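Colleague: A single structure is presented below for examination.
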Amino acid sequence: MYFKNKFKDGFLNLYGTKVVLLVASGFLGLFVPLFLFELFDNDIRWVVAFFGISSLLYVVTIPLGAMFLNRFGFKKALRVSLVFGALWYVILYFMDKGNYFYLAPLSIFVLVLFRISHWIPYIVDFAKFSDGGDRAKQLSAFDITRNILSGLLPIASGFIILKYGFDAVFIIGIVLYILAGLFLIKIPKTEEKFDWNYKQSWKELLSKKNRSSLYAYMADGAEGMIGLVVWPVFMFQILEGNYLEVGYLSALIIVVTMVLQFILGDKLDKGGDGEKKKFLKFGTLLYSLGWIVKIFVLTAFHIFIVGVYHNVVRIFARTSFDTMFFDIVASKKHYVDEFTVLHEMAVHLGKVIAMIFIIIGASFLSLQWTFLLGAGASMVMNLLRKDYKRN
726 MYFKNKFKDG
736 FLNLYGTKVV
746 LLVASGFLGL
756 FVPLFLFELF
766 DNDIRWVVAF
776 FGISSLLYVV
786 TIPLGAMFLN
796 RFGFKKALRV
806 SLVFGALWYV
816 ILYFMDKGNY
826 FYLAPLSIFV
836 LVLFRISHWI
846 PYIVDFAKFS
856 DGGDRAKQLS
866 AFDITRNILS
876 GLLPIASGFI
886 ILKYGFDAVF
896 IIGIVLYILA
906 GLFLIKIPKT
916 EEKFDWNYKQ
926 SWKELLSKKN
936 RSSLYAYMAD
946 GAEGMIGLVV
956 WPVFMFQILE
966 GNYLEVGYLS
976 ALIIVVTMVL
986 QFILGDKLDK
996 GGDGEKKKFL
1006 KFGTLLYSLG
1016 WIVKIFVLTA
1026 FHIFIVGVYH
1036 NVVRIFARTS
1046 FDTMFFDIVA
1056 SKKHYVDEFT
1066 VLHEMAVHLG
1076 KVIAMIFIII
1086 GASFLSLQWT
1096 FLLGAGASMV
1106 MNLLRKDYKR
1116 N
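Quick note, the numbering used here runs 725 ahead of the 1-based positions in the sequence shown.
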């Protein structure tokens, strides 16, 4: 059998929720930055600022949010997060050039509430409900599901946007976030309590013992800002604003890479810690080179070829990185929620730093030169190997 052990009920509930949210992400994830790009008069700096400011607010409020979750409860918070997720798409539905000055700040506030109520409980629950011997394969199952949906849905989304506009896909997102809550009705309760205060959270984040993981997670956040915000806009510009072509190319790129994910997940679980560190080392190097090559992309064919290469090598880097991260989280025992908060703070601190560099870079250079930041961040993610030795 591919999986050694039977899935825990909590894992299946999380997986069901995630599948529905991935459908929403497949419809909307690629196109939300493009919606904002058009809304902000084709100025990438405002799009990056939108997501960067939301990350900054998240960084400064997440310790307070974790303290609040002690009283509110992780299980209840995970359910409420889906309401915030649906509300975020409601705001985007009504946002236009005449009111975004008011609605954009409100949407950022709701996005921060979603992150606080969703990601802390989700990461804690995944660390608790996933199986150490199957964790890489279970993460691969999540990624393959994401890739299948991301391979098919952008085509449908591009068609819907061309025919009916962004409002239609926002309505789909709202409905899906509400439906995702059905899987959380019977999710087991996890007994965790966030024991640090606000000051101690920052002290632990910046402590010397956590330095290598801090830099690795910050780099992960910075690379995410480039990959999820800048790259779709750059691709949109190359394809001259054709939403359907963006969807088709994204689908082709993702479909070509799916089978490798299952193979790698099995190999990582069988190979042990040494295999994970080896794949992370070479995966991040090859992934970094992909960002450099993307600087020279000029045509749709270039996007496809480089996209396939980048997605293939991303499998090696991402699966190893995520498996090592959840191994570390699971090893923290009672402090799993505290470590989760540190991780989220570091990731979004990286996004804030990336925002500053991208805005400055895009003011003086062509957009593709910001990909150098993605290349550098990919290499810094390697530092997680150092922290992994101690867990």
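Glycine residues also receive a C-beta, built at the ideal position from the N, C-alpha and C atoms. Please read all numbers here as calculations on a predicted model, not as lab measurements.
Here's the rule: buried if 16 or more other CB atoms are within 10 angstroms of the residue's CB, otherwise exposed. What is ALA1100?
Modeller: The residue is buried, with at least 16 neighbouring Cβ atoms inside 10 Å.
Colleague: Are the Cβ atoms of LEU836 and SER750 separated by less than 8 Å?
Modeller: Their beta carbons are not under 8 Å apart, which means LEU836 does not touch SER750 by this criterion.
Colleague: Figure out for me which residue from ALA947, LEU739, ARG1110, LEU1108 has the closest Cα to the Cα of PHE908.
Modeller: Closest by alpha carbon: LEU739.
Colleague: Whole angstroms are fine: how far does the CA of TYR940 sit from the CA of VAL1105?
Modeller: So the two alpha carbons sit approximately 7 Å from each other.
Colleague: Examine chain D for any beta-carbon lying closer than 8 Å to the beta-carbon of LEU747, and answer yes or no.
Modeller: The chain labelled as chain D is not found in the depicted structure, where only one protein chain is given.
Colleague: Assuming VAL958 is part of the alpha helix (DSSP H), what are its boundary residues?
Modeller: 956 to 963 is the extent of the alpha helix (DSSP H) around VAL958.
Colleague: For the putative contact between TYR1012 and VAL1054, defined by C-beta atoms under 8 Å, what is the C-beta separation to the nearest angstrom?
Modeller: Not confirmed; about 22 Å, so no contact.
Colleague: Among the candidates LEU1092, PHE1096, LYS1003, whose CA atom is the shortest distance from the CA of LYS1111?
Modeller: If we check each option's Cα against that of LYS1111, LYS1003 comes out closest.
Colleague: With a CB to CB cut of under 6 Å and the five nearest residues on each side skipped, what residues in its chain are close to LEU1108?
Modeller: Once the five neighbours on either side are set aside, the close Cβ partners of LEU1108 are SER937, TYR940, ALA941.
Colleague: What is the rounded straight-line gap between the Cα of PHE961 and the Cα of LEU828?
Modeller: Cα to Cα, PHE961 sits roughly 25 Å from LEU828.
Colleague: Is the beta carbon of SER882 less than 8 Å from the beta carbon of PHE756?
Modeller: Taking 8 Å as the Cβ cut-off, SER882 and PHE756 qualify as a contacting pair.
Colleague: Excluding the 5 residues flanking HIS1073 on each side, which residues of the same chain have their C-beta closer than 7 Å to its C-beta?
Modeller: The residues are SER780, TYR783, VAL784, GLY946.
Colleague: Can you tell which of LEU831, LEU878, PHE1096 has the C-alpha that lies nearest to the C-alpha of VAL744?
Modeller: Closest by alpha carbon: LEU878.
Colleague: Spatial neighbours of PHE742 within its chain, please: C-beta separation below 7 Å, excluding the five flanking residues on both sides.
Modeller: Contrary to the premise, residue 742 reads as Thr rather than Phe in this sequence. The answer, listed in chain order, is ALA905, PHE908, LEU909.
Colleague: Can you give the Cα-Cα distance for PHE826 and VAL815, rounded to whole angstroms?
Modeller: Approximately 16 Å, taken between the alpha carbons.
Colleague: Which stretch, first to last residue, makes up the alpha helix (DSSP H) that contains THR1044?
Modeller: Run containing THR1044: 1025 to 1056, per the alpha helix (DSSP H) assignment.
Colleague: Let me know the secondary structure DSSP gives LYS1111 once reduced to three states.
Modeller: Helix, per DSSP.
Colleague: Less than 6 Å between C-beta atoms, sequence neighbours within five positions excluded: which residues of the same chain meet that for VAL1077?
Modeller: Answer for VAL1077: GLY777, SER780, LEU781, listed in chain order.
Colleague: Do you know how far the Cα of LYS924 is from the Cα of PHE765?
Modeller: Taking the straight line from one Cα to the other gives about 37 Å.
Colleague: State the Cα-Cα distance for the pair GLU965 and ILE769, rounded to the nearest angstrom.
Modeller: Each residue's alpha carbon lies about 15 Å from the other.
Colleague: So, are the CB atoms of LEU838 and PHE793 less than 8 Å apart?
Modeller: Going by C-beta atoms, LEU838 is not nearer than 8 Å to PHE793.
Colleague: Taking the straight line between their C-alpha atoms, what separation do you get for ARG804 and ILE841?
Modeller: For ARG804 and ILE841, the distance between alpha carbons rounds to 12 Å.
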